[in-house]
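Notes follow the structure.
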Amino acid sequence: MPATIPADEHTNSESLVDRDSHFDGLYKTEQNLRVEGQAEGEIHCLGTLIVEQGARVKAKVTASNVTVAGELEGEVTCQDIFKITPTGQVEATVTASRLIVQEGGFYNGEFHMTKADGTRVEPPRTAAVSADDWRSYLPAVEPLSSDDGEPEEPD
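Residue numbers (this note's numbering): 1088 to 1242.
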């Protein structure tokens, strides 16, 4: 009688790029993806992308969640949590609804926050200085004057 895998184990499976592997191209998975080696190109992961310590990913990434303990470079679109662990190093443009950088983690790049529905959060417009703003307590600055004692006109 052939062995069967229980249905609940199918949902917990993950793909693996092991320490001795190098992937270059388009990788698509409906499960989690764990990278222990190197991956380049484009990654579409409906689960969580995990970049292990010692791994290197240089790619355009789309995933539900991303956790980086190794190195990640590129462009990332993450539906929920983008997390950098203490050993993680990221140089990327990241779009996600939540960003977690643990102490020791490195992040260099742009971060664009999204709402739970995936729409981008626009930064607030700069408002005029109100009377209770800390800048209102600074002394007024006089315009620079020219050698003849007259205030300089702006160019």
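Positions of the beta carbon are idealized from the N, C-alpha and C atoms, including for glycine.
Check, Outcome
"What residues match up with tryptophan 1155 in a beta bridge as DSSP calls it?", "Looking at the sequence provided, one finds valine at residue 1155 rather than tryptophan. Paired residues: Val1138, Ile1171."
"Quickly, what does DSSP pair leucine 1120 with across the bridge? List them, please.", "Ser1102, Leu1136"
"Shortest alpha-carbon distance to valine 1188 belongs to which of Asn1195, Thr1180, Ser1100, Ile1171?", "Ile1171"
"What is the C-beta distance between glutamate 1079 and glutamate 1123, in whole angstroms, given that I count them as a contact (C-beta under 8 Å)?", "Outside the displayed span of the chain (1088 to 1242) sits residue 1079, for which this structure offers no information."
"Since proline 1173 and glutamate 1158 are thought to touch, with beta carbons under 8 Å apart, how far apart are those beta carbons, to the nearest angstrom?", "Not a contact, Cβ separation roughly 14 Å."
"Tell me, please, which residues DSSP counts as bridged to glutamate 1111.", "One point to set straight first is that residue 1111 is aspartate, not glutamate, in the sequence displayed. Its beta-bridge partners are Glu1127."
"Residue range of the beta strand (DSSP E) that threonine 1182 falls in?", "1176-1183"
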